[in-house]
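For reference, the structure is listed below as structure tokens.
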Amino acid sequence: MDWKAALAEIRAALPPGSGTGGVQRGSLRWLEAELGNRGGNPAALRNIVYRDVGTAADKRLLAELLRELAQEVGLRLDLGAPEQEPAPLPPELELLGRSKKRVYKQFLAGVRAGRTPRLVVTGRAGAGKTVLLDHLAAALQQAGARVERLNLSGDLLALAGGPPLRDRSFASLAARQLDALRTVLPPERLPVGSALLVRVTENLHFGNDPPRLPDGTPATAAAWAAEVLRRHIPAGVSVLFALEDAAGWPPGAGEIIELQPPTLTEARAYLMARLGVSRPVADSLARETGRNLDRLTLLAGAGGNAARLLADPDVRRLACAAAVLAVPPAGAREAVPLGDPPVLPAEALTLALGGQVTALPLHARSLLDAVTGPPEGEGQPEAGQAVGEDTGEKVTGWRPRPLLWLALPLLQEAEVEAATEQFVQATQSRDLSPEVVPYRLAALAALGEWSTLERHVRARPDDARYLPALWRRIRAGASSPEREGLARAVVTHYASRGEYHAPAARDALFVLLEAEGAAHAWARVKLAESSLDAGNFETAQTQLEKAELEHLSAQPDRWGDDWRLAAQSDGLLVQAALARWRGDMAGATEAVSDPRTAQSGPRARLWRGLVAKDAGRWEEALDHLGAVPGSSPLLSARARYQEGDLRLRLGQPVTAYAALSDAARRLKAAGANPEEQARVLARAATARRRLGYAEDALRLFGQALALLPTDLRRSADAVLRARLISEQVPVLLALGRPDDALAQAAQALTLLRGEGGRRAEVTYRVRRTHYRVALAYLTRGRGVPYLQPFGGPEFDTPDLVHARALLAELLRAPVGQSDREQLLAFDMHLSLALAQPDPQQALADLGRALDMTDHPYAEAQARALRAEAFVRASEPGQALGELGRAHALLRRVRLGLPGPQEADPALSAQLLGVEIRVELAEAPKQATEALLGLRQALADPSLHPFRSGIWREAGRALERLHPAPQDVLTALFPAAPELPLRVSDALVVLAAQADPLPVSAEDPDL
0 MDWKAALAEI RAALPPGSGT GGVQRGSLRW LEAELGNRGG NPAALRNIVY
50 RDVGTAADKR LLAELLRELA QEVGLRLDLG APEQEPAPLP PELELLGRSK
100 KRVYKQFLAG VRAGRTPRLV VTGRAGAGKT VLLDHLAAAL QQAGARVERL
150 NLSGDLLALA GGPPLRDRSF ASLAARQLDA LRTVLPPERL PVGSALLVRV
200 TENLHFGNDP PRLPDGTPAT AAAWAAEVLR RHIPAGVSVL FALEDAAGWP
250 PGAGEIIELQ PPTLTEARAY LMARLGVSRP VADSLARETG RNLDRLTLLA
300 GAGGNAARLL ADPDVRRLAC AAAVLAVPPA GAREAVPLGD PPVLPAEALT
350 LALGGQVTAL PLHARSLLDA VTGPPEGEGQ PEAGQAVGED TGEKVTGWRP
400 RPLLWLALPL LQEAEVEAAT EQFVQATQSR DLSPEVVPYR LAALAALGEW
450 STLERHVRAR PDDARYLPAL WRRIRAGASS PEREGLARAV VTHYASRGEY
500 HAPAARDALF VLLEAEGAAH AWARVKLAES SLDAGNFETA QTQLEKAELE
550 HLSAQPDRWG DDWRLAAQSD GLLVQAALAR WRGDMAGATE AVSDPRTAQS
600 GPRARLWRGL VAKDAGRWEE ALDHLGAVPG SSPLLSARAR YQEGDLRLRL
650 GQPVTAYAAL SDAARRLKAA GANPEEQARV LARAATARRR LGYAEDALRL
700 FGQALALLPT DLRRSADAVL RARLISEQVP VLLALGRPDD ALAQAAQALT
750 LLRGEGGRRA EVTYRVRRTH YRVALAYLTR GRGVPYLQPF GGPEFDTPDL
800 VHARALLAEL LRAPVGQSDR EQLLAFDMHL SLALAQPDPQ QALADLGRAL
850 DMTDHPYAEA QARALRAEAF VRASEPGQAL GELGRAHALL RRVRLGLPGP
900 QEADPALSAQ LLGVEIRVEL AEAPKQATEA LLGLRQALAD PSLHPFRSGI
950 WREAGRALER LHPAPQDVLT ALFPAAPELP LRVSDALVVL AAQADPLPVS
1000 AEDPDL
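Residue 832 in numbering that gives the first Met the number 0 sits at position 833 of the sequence shown, and the numbers go up by one each step.
Set out below in structure tokens:
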């Protein structure tokens, strides 16, 4: 406000001689007296009038006086809104130094008043620059100003990105630096009225180049900020520069205000106020921090710069322990660890420290946040919780604060190495928890203890999953034979996950291929495995022949029997896989039964189970799969998956779902790759659908798809995503959403169309998805959800015509001899029968399906549909015969396999739906008794998801076959109100009301 101009205008209008005691009314003396009378400071008047400097309260009083004088003489003055009281200064500034308070007040007041202040502060580390910028940013944002922060520290070029520069002239380098600045701070982020807070450190650089002025001259960071950044900032923007070193700042570029660290008195008062500690403790802490303002605020929970904390012995010991647990993958300690500090398991940090974290002094303990959740999880300390405070929960980990994390590279290599040796010794003779194991292995690699590391993973093969992160260091530092032994562990780990093309796996494999004898042969076998995994069977056969396994026994070498037996054992398993591909189940059985495969341990049992499963020796398959021990997490999970898949095929969906859900949990716990977890979740979803819980199945499919990467550049990713999307189609059909199912199928086919590799797999997935498109048209043509009981149509529709055409075309193609191709063809014949309005044609299709059955459950499925077709053909006697055969077959399913005796509830629902139709057709007068018996049968909990469909079929049959269906309905539910519904619909509704379904106790989230 222009106080001087306003006062001059009022004086010109006042009549002369006004006032008392010889003092002219409106004069400075008169205003001083009036200001004092109203409680203001008379001494502040002239500063306000001539410099606009004064408190907000004095300015408000003076504005009131001027308004009164203006009103007396009839003037209208726009004196603006009264200035607000400034917010209280933050404690860090109120207690710690005049210079910081001056800058804070001056900059904040200038921005609030609409001016554009540009100030420059400087001070050594710990003087409070960061604290000042933090509090200014908060105050400005609270006042409604737009605030931008810019940290000119480190490599600005890396932050900005961009292609490498070919022209290395000084002028080009300077221009590139300006471009980098424009990238990180584009002008549109600095509108008029905004504020920019800039922190400039001495280590500012651009790649390998120092800061350069526009003419290419090298400059200090401060000079570059003044000559380049300052000129880049638009007019109307307030700026505060905080320089670590003011060297090079031009004299005419603004006054430099120097910040000083707090005095001992200020630090003591601050700690006593914020921490509530006594004066002696505050003095002790203040001396330990060296009166560093950033470290003082850290002790109070505000964070700051931690570089000088390492001067304290307790903090340094803590930092060394954290460094032991923070070895980067390459084993280098020169670079600052990137990203947010991780959670360090409490047990690991205790072992590295050589004592409990809670035994550390307060100033060291304050550099850690206690975490009460899983070490790798989401647990966070409570807001305001003191470090080490007893909250009643067990502390499972500690998260270093950024201050400590960024200080680790400042430690001396020798002291970190000594701390690492201490940690290795502390973990040597202990039964380590899984959280500690990776840190021990990393410490062994950091020390170059290759023999110990190799012995560890040989004794505990599953711990090899922690080696890939250490492989680069192993490759560079280990020598033979430890290098080859660790390479074998790395390859075995990736092979168990099916990730043969991972960079570390390929590199480790090349190390072994450079060896001779048994090590080379083993590597050739693994190459053959990788070709098998990719579907390149001829290449796999060639690689296996190059391994020359038959010569190993006759040519012993320095690698010893362990390598030789491993190569022969794994080679036999590859031979079995190749025999499976050729359909030679006898050859596959012979290979996996060779005594030498015992060297592969649980993996051999898994393969024996797989071969027996494919060969139709189901009891033997379940025996081998059940023998895979839980001590091999991945292998046992895969065995459970295969068991679940087999039981699902053989009509035991309850046991199948239990096995598949168990496999999903085991894979997650074992750290299996997401693709494998997704496959198992999808199969569990199919089992859940078969049990009638389509909504649960859809949620499981959502979990499975969420695990897959969105980047589909890898062929396997696209094929797997397409497979899962396609497998969702029956779930959507079970929910009565055929249009959504068609859209899903189209999406899957689009993904598969772009795939060039793995042709056999892609061809099969396309064929299966086409089959599911036919199912969608079948479901829409029938007008009911694709959930048992699901019968054939009474009349034709365009959708059914199209479904039959698709199925006929698929069945015209030659059917492969593989198990899955035979199963697909069998399902197609069943679906084609369901799409036939002509029951005789349906029976012909089902006859072809019967010819393909290889198990009682498959035959029971076909018999159930034949019974339904006979009902449509008005041959209830024939239908009863087929129903009897189906029930007998189901009893064989229950008794023929080890494990719980169970029936497939979906097939049971299908049979019940046909049986009630037969009963109503043969004895319509006994409809009430038949439906009461049905109601009693539907009390079986396994049939709950199918109840509405069974009642629907019963109601439609009742309408068609009984002369007075409404009377039957009334007899069944005498207390029910009269409803304007068809009998078939009323029967579904009233049955649901009379026998409400319990909430499912299953948890579908795996």
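By construction, the Cβ of each residue, glycine as well, lies at the ideal position given by its N, Cα and C atoms.
What you are looking at is a predicted structure, and each value in this text was computed from that prediction instead of being measured.
DSSP lists L242 and E257 as the bridge partner or partners of T121. With a cut-off of 8 Å on Cβ pairs, the stretch 464-482 is in contact with the stretch 443-455, counting three or more such pairs. The beta-carbon distance between G948 and Q787, rounded to whole angstroms, is 7 Å. This is short enough to meet the 8 Å contact definition.
Selection V415, W404 and A347 evaluated against L431 yields A347 as nearest (Cα-Cα).
Cβ contact annotation for A848 (same chain, cutoff 6 Å, sequence separation greater than five): F825, H828, L829 and A861, in chain order. Contact check for I256 against L403 fails: the beta carbons are separated by 8 Å or more. With a contact defined as Cβ atoms closer than 8 Å, A241 and V197 qualify at about 7 Å. One alpha carbon belongs to F945, the other to L823, and they sit about 25 Å apart. Contiguous alpha helix (DSSP H) elements confined to the stretch 694-743 occur at 714-726 and 728-733, taking only those with 4 or more residues. Only residues of its own chain outside the window of five on either side were considered, and among them R267, L270 and M271 have a CB closer than 7 Å to the CB of A281, listed in chain order. Residue state for P217 is assigned as strand, using DSSP reduced to three classes.
The beta carbon of A225 lies closer than 7 Å to those of W248, P249 and A252 in the same chain, with the five residues before and after it left out. In the DSSP assignment, G586 falls within the unbroken alpha helix (DSSP H) covering M584 to S592. Non-local C-beta neighbours of A963 in its own chain, meaning closer than 8 Å and more than five positions away in sequence, are absent. The distance from the Cβ of L645 to that of K612 is about 5 Å, consistent with a contact at the 8 Å cut-off. Under the three-pair Cβ rule at 8 Å, the stretch 860-876 does not count as touching the stretch 922-929. A distance of 8 Å or more separates the beta carbons of L707 and A683. Comparing alpha-carbon positions, the option among K100, E481, L263 and G753 lying closest to L452 turns out to be E481. Judged by DSSP secondary structure, N46 falls within the alpha helix (DSSP H) whose first and last residues are L44 to R50. The C-alpha of D994 lies about 16 Å from the C-alpha of P976. Restricting attention to Q839, R639, G143 and R487, the CA atom closest to the CA of A565 is found in R487. The C-alpha of A576 lies about 53 Å from the C-alpha of L410. In this structure the stretch 410-426 lies against the stretch 318-325, because at least three pairs of beta carbons, one per stretch, are closer than 8 Å. If only uninterrupted alpha helix (DSSP H) runs of at least 4 residues are considered, those enclosed by the stretch 799-875 are 818-833, 838-851 and 855-871. L196 carries a strand assignment under DSSP once its states are collapsed to helix, strand and coil. Straight-line measurement puts the Cα of R464 at about 15 Å from the Cα of R454. DSSP places V323 inside the alpha helix (DSSP H), whose first and last residues are P312 to V323. According to DSSP, residue pairing for L149 in a beta bridge involves V197. Nearest neighbour of D818 by Cα position, chosen from A956, L831 and M584, turns out to be M584. Collapsing the DSSP output to three states places R211 in a strand.
Secondary structure at S432: coil, using DSSP grouped into helix, strand and coil.
V489 is classed as buried because its beta carbon has at least 16 other beta carbons within 10 Å across all chains shown. When only Cα atoms are considered, F869 and G735 end up about 26 Å apart.
T121 counts as buried, since no fewer than 16 other beta carbons sit within 10 angstroms of its beta carbon. Between the alpha carbons of T969 and L930 lies a gap of roughly 12 Å. In this structure, T654 lies near E901, with their beta-carbon atoms less than 8 Å apart.
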